[in-house]
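Residue numbers (the numbering used here): 14 to 146.
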């Protein structure tokens, strides 16, 4: 009978795991120094990568546009509230000055007084109205 032997982890190439771990710093170094960009696979996908970069720029611009629009909306809302309150103030002042008692009080300083006799209706015969014209 054959004795038990410890297993060593190997990848599909038959290399031990220790050697496989040693390659990772090389991959990291390739990313950091930019040598991975010279590979044919990256160069073949360059139009797609440029398209993705363009989409990112459009997305950033859209974010700025949205923020500006929201800011303008809040400013317009504040202006609307201010104008509405000004309208209410002016309207209440106008309602107060149009009251008959207020008008009578204002014209008393001019020496005028309110008439106590109701106005009379003047009627003209249609024939006389035609003659005057």
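Even for Gly, the Cβ is constructed at its ideal location relative to N, Cα and C.
Collapsing the DSSP output to three states places residue 135 in coil. Around residue 119, the same chain offers no residue with a beta carbon nearer than 7 Å, after the five sequence neighbours per side are excluded.
Counting only unbroken stretches of 4 or more residues, the alpha helix (DSSP H) elements lying wholly within the region 42-109 are 53-57, in sequence order. DSSP places residue 140 within a helical segment (H, G or I) once states are collapsed to three. Between residue 49 and residue 57, the CB-CB gap reaches or exceeds 8 Å. The beta carbons of residue 142 and residue 127 sit about 31 Å from each other, so the pair does not count as a contact at 8 Å.
Secondary structure at residue 127: coil, using DSSP grouped into helix, strand and coil.
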